[in-house]
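Under our numbering, residues 299 to 536 are what the sequence shown spells out, in order. Please read the structure below before turning to the comments.
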Amino acid sequence: MENHVIGKFGIRHVWMHADDFTCSPEYVKKLCKAIIERKIKIKWWTNTRVDKRDEEMFQLMRDAGCFMLSIGGESGNAQILKMIKKGTKPEHIKDTVKLLRKVGISSLVYFLIGLPGETLKTIQETLNFAKEINPDYVEFYPATPYPGTEFFDMVRAKNLIVDVNWDNYMTGGSQFVIETPGMKKEKLDKIIRKAYREFYLRPAYAWILFKRALRPAEFLRLMSFGFGYFRRFLSSEN
299 MENHVIGKFG IRHVWMHADD FTCSPEYVKK LCKAIIERKI KIKWWTNTRV
349 DKRDEEMFQL MRDAGCFMLS IGGESGNAQI LKMIKKGTKP EHIKDTVKLL
399 RKVGISSLVY FLIGLPGETL KTIQETLNFA KEINPDYVEF YPATPYPGTE
449 FFDMVRAKNL IVDVNWDNYM TGGSQFVIET PGMKKEKLDK IIRKAYREFY
499 LRPAYAWILF KRALRPAEFL RLMSFGFGYF RRFLSSEN
């Protein structure tokens, strides 16, 4: 059935959407073994938490067609991670990226900019950390509070919300809806654009892109998953 659907509709890539796809490593292993045994030829990507590092699971995911995992890193500063109750440390992010590189799965790490308690120093620490661990891709997002979360209640109690247009709260949005002392929306927007340029325009990263682009399959992935994320930032004003 799976191969019939894939063949009928020409499906080649699949996004395995889940809040935490690897929350049950044993389930993921069984799923990947089933994909391998049934010879389902697809490439797919999904997400993982940095506290779910399992080399055997990652290897099976790779063999089953997984080519990229996205990771919610959030910050490269330990105190900020503690403040937002992430339950992880910077070294966990680093170790996960390193393990994915070892097994041959690309990594995409998300970082949040503008969290309460952040300063220019902690934001720069996050950018420096991103360059240090050197994932295949990064995304820098505005810290966005969602109704029903502790984060939303906290920023509302502190009167930090400056935008109540719910369209700007949508997942994947690029609008800052909160401001903290000394961190206005315009300033944060410039910081996030600068972060993209600093990460992606490094000579070392350009060389990595060049080597990947020599392989047709990798070139297509770069066009789809790389340049699309940050092209608007590279062409924006400082």
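All C-beta atoms, glycine included, are put in the ideal place defined by N, C-alpha and C.
Is the Cβ-Cβ distance between I378 and E416 less than 8 Å?
-> yes
Run the CB neighbour count on F508, radius 10 Å, all protein chains shown included, and call it buried at 16 or more, exposed below.
-> exposed
Do the stretch 364-377 and the stretch 338-350 make contact, defined as three or more Cβ pairs closer than 8 Å?
-> The count of Cβ pairs closer than 8 Å, one atom from the stretch 364-377 and one from the stretch 338-350, reaches three, so the stretches are in contact.
Buried or exposed: where does T320 fall if 16 or more other Cβ atoms within 10 Å of its Cβ makes it buried?
-> buried
From W313, F356, E496 and V401, pick the residue whose C-alpha is nearest to that of K429; which is it?
-> E496
Cβ shell of R360 (< 8 Å), same chain only, five flanking positions each side left out = So the qualifying residues of the chain are V401, G402 and I403.
Are at least three pairs of beta-carbons, each pair with one atom in the stretch 349-358 and one in the stretch 310-328, less than 8 Å apart?
-> Per the Cβ contact rule, the stretch 349-358 is in contact with the stretch 310-328 (3 or more Cβ pairs under 8 Å).
State the CB to CB distance for the pair T442 and Y467, rounded to an integer number of angstroms; the pair is presumed to be in contact (CB under 8 Å).
-> About 6 Å separates the CB atoms of T442 and Y467; that is less than 8 Å, so the two are in contact.
Close Cβ partners of W313 (< 8 Å) along its chain, the five nearest in sequence each way excluded | W342, W343 and T344
Going by CA-CA distance only, name the one from S472, R510, I334 and V462 that's closest to G412.
-> S472
Report the three-state DSSP secondary structure of E423 (helix, strand or coil).
-> helix
Where does I403 sit, in a helix, a strand or coil, going by DSSP?
-> coil
Neighbourhood of V436 by C-beta, 6 Å cutoff - its chain only, sequence neighbours within 5 removed = Excluding positions up to five away in sequence, the list reads V407, A428 and F497.
Taking L418 as the reference, which of R500, K485, R310 and I431 has the closest Cα?
-> K485
Proximal residues to L458 (C-beta, below 7 Å), its chain only, five neighbours per side dropped = P414, I476, E477 and T478
I489 beta carbon less than 8 Å from that of I421 = yes
Sort T386, A362, G363 and C364 by Cα distance to E372 and report the nearest one.
-> T386
Closest residue to S405 among A332, R351 and K331 (Cα-Cα distance) = R351
Is it right to say D434 is buried, meaning 16 or more other beta carbons lie within 10 angstroms of its own, or is it exposed?
-> Buried, since its Cβ has 16 or more Cβ neighbours within 10 Å.
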